[in-house]
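Now the structure itself:
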């Protein structure tokens, strides 16, 4: 019996830090191509990885295949006992055998008053179910490691594995609520002991940057997609005067680190006047 | 010419497109029937859906003695080079540009009143060669080329048809898929796949139909008796042999607790609201039963009236978990 002298080599995904086999061409945890370097702009924004058509992503005993490049589809092959949570309007098709249930949510009346989805659906394997949204964009795959907390713009999450705790947080400050463009609440995803999978759909293209402690960036509120819970968000009003004719004002969001901030390039102006 | 070369040439002449079955000599980069890349390995998902074939920008399709070039990626343009003996018909709102010499006339359609009531174009427009004319739609997506063979019949969802060659017979039929909702004293009827569907067929000569889908397109073939659930508004086209009906699915496992409601901050009120909202919660699907092909588009609109109180509906199956 001989022992191989070759050292065990691994390729680390630059997007999610998962270790992959040396021969892998895409990350098994987030689908990011491993043969393409991170694309970072001069200003520090990193492009979310362009997931190749038909890339497979693994979580638990289940798989997710990303299909298409205009409005990508996340097709899940659910193992028995594995489940995903989602808002029901993103379902594209399913096997009749996939069992459906509803996630018991706390604070139902609050969600109803805030106009958030009142029902979060749960699909449990075995079987296949596929999800997509209603406009051109990208799927952002965010494997969440234990201890991570991520805040996501409402209605932007496509699905999350059942390993992730789902809740929602109220946006602080009346000005933030009225002029922040996010509404009253954001979705919050927290992992406990086991890593989980979170897939978002961003309109247009998605970019991310990591803010240092105390570092700030000002963004259009409609472009906000996600942030680490450690990042704070405040509305800043920019007055625009036009001499004798008065003026107007635009509201922007100041994000302050430390942590990641994700934005989408196709957005809607909210309350900018 | 050597024997080997003869054999190779013979093999090329017998090339058959794996997407649409069109025979060609295989010397072009793309299938003249549907524009699929020649020799491309069909991309099939793990679950059996086939992606619409990778069509290279500027792929050229041939019909009769005319050509169609598909240009662009996000909102592709179908650029027709019509010969003097060929014609195409289309809904007038998809016309992008044309050369002045291309003659345009009205194509009479029977059942105009029904179409008017269904919100479909009452007038179909016909363009006669020679000359160039181009078509495109108003949303990002894929252009799907559907060659129609004699005896074949394809049903297409409303508002996705772009253009068809003159050989193709055009008709429409009532889908028979509907439900009614009631709010206060008003009852409203909804047609989740439309009141009417377009039907395309050819009698003798093969024809070509171009569709434009929102987002990406996936096709699969259902065996006899096999069924799948799709969002009604995601349906793009199906073979005539595929049957469809409504399917209501009621999720289970909703277990709100008094403790959960209290933890939510509004106590019993929160809990009651939770129970009320989830009571009667259901998902509305379109069940497609084989045999035959079905195609879906990945960007789709919400079904109108889906969340209302349904008082009656067409034939449907119901699943309670």
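Chains as they are written, first to last, in our numbering: chain A, 524 to 796; chain V, 51 to 371.
Note that beta-carbon positions come from the ideal geometry of N, C-alpha and C, so glycine has one too.
Interface flag for residue 619(A) against chain V is set, since a Cβ pair is found closer than 7 angstroms. Annotation: Cβ neighbours of residue 278(V) in chain A (cutoff 9 angstroms, chain order): 616, 617, 618 and 619.
Distance from the CA atom of residue 682(A) to the CA atom of residue 719(A), rounded to whole angstroms, is 11 angstroms. Proximity of chain A to residue 266(V) at the Cβ level (cut-off 8 angstroms) is accounted for by 590, 591, 592, 593, 594, 595 and 596, in chain order. Residues of the same chain with a CB within less than 6 angstroms of the CB of residue 733(A), apart from the 5 flanking positions on each side, are 783 in chain order. Its chain contains 346, 347, 348 and 350 as the residues whose beta carbon lies nearer than 8 angstroms to that of residue 284(V), once the 5 sequence neighbours on both sides are disregarded; these appear in chain order.
Counting only the Cα atoms, residue 194(V) lies some 11 angstroms from residue 269(V).
Pairing residue 281(V) with residue 343(V) gives a Cβ-Cβ distance that is not under 7 angstroms.
Burial check for residue 124(V): the Cβ neighbour count within 10 Å stays below 16, so the residue is exposed.
Residue state for residue 274(V) is assigned as coil, using DSSP reduced to three classes.
Rounded to the nearest angstrom, the Cβ distance from residue 248(V) to residue 192(V) is 18 angstroms, too far for a contact under 8 angstroms. Judged by DSSP secondary structure, residue 142(V) falls outside any beta strand (DSSP E); it is assigned neither H nor E. Here residue 349(V) carries a coil assignment [DSSP, helix/strand/coil]. Around the beta carbon of residue 612(A), a 10 Å sphere encloses 16 or more other beta carbons of the protein chains shown; the residue is thus reported as buried.
Counting only the Cα atoms, residue 556(A) lies some 9 angstroms from residue 578(A). Chain-order list of chain A residues neighbouring residue 190(V): 593 and 659, by C-beta distance under 7 angstroms. CA-CA distance, residue 159(V) to residue 173(V), rounds to 7 angstroms. Between the C-alpha atoms of residue 726(A) and residue 148(V) there is a straight-line separation of about 33 angstroms. Under the three-pair Cβ rule at 8 angstroms, the segment 657 to 667 of chain A counts as touching the segment 569 to 583 of chain A. Within the same chain, 138, 139, 140, 220, 250, 257, 258, 259 and 260 come within 8 angstroms of residue 214(V) by CB-CB distance, once the 5 residues on both sides are set aside. The Cβ-Cβ distance between residue 620(A) and residue 650(A) falls below 7 angstroms. The DSSP-derived three-state label of residue 194(V) is strand.
Residues of chain A whose Cβ lies closer than 8 angstroms to the Cβ of residue 121(V) do not exist; the shortest such Cβ separation is about 16 angstroms. Residue 666(A) holds the alpha-carbon nearest to the alpha-carbon of residue 540(A) among 666(A), 592(A) and 789(A).
A Cβ-Cβ contact shorter than 7 angstroms links residue 184(V) with residue 146(V).
Taken in chain order, the unbroken stretches of beta strand (DSSP E) that lie wholly in the segment 231 to 291 of chain V and span 3 residues or more are 236 to 240, 246 to 251, 257 to 264, 267 to 272, 277 to 280 and 285 to 289. Per the coordinates, the alpha-carbon of residue 690(A) lies some 50 angstroms from the alpha-carbon of residue 67(V). Counted as a single uninterrupted DSSP element, the beta strand (DSSP E) harbouring residue 581(A) occupies residues 578 to 582.
By the rule that beta-carbons nearer than 7 angstroms mark a contact, residue 711(A) does not touch chain V.
For residue 756(A), not one C-beta of chain V is nearer than 7 angstroms to its own C-beta.
Linking residue 204(V) to residue 289(V) through their CA atoms gives a straight-line distance of about 5 angstroms.
Taking a Cβ-Cβ cut-off of 8 angstroms, the neighbours of residue 612(A) in chain V comprise 352, given in sequence order. Closer than 7 angstroms to the CB of residue 622(A) there is at least one CB belonging to chain V. Relative to the Cα of residue 368(V), the nearest Cα in the group 296(V), 240(V) and 119(V) belongs to 296(V). Within 9 angstroms of the CB of residue 644(A), the CB atoms of chain V belong to 301, 331 and 333, in sequence order along the chain. Runs of the beta strand (DSSP E) spanning 3 or more residues and lying entirely within the segment 538 to 617 of chain A occur at 542 to 544, 578 to 582, 585 to 590, 596 to 601, 606 to 609 and 614 to 617, in chain order.
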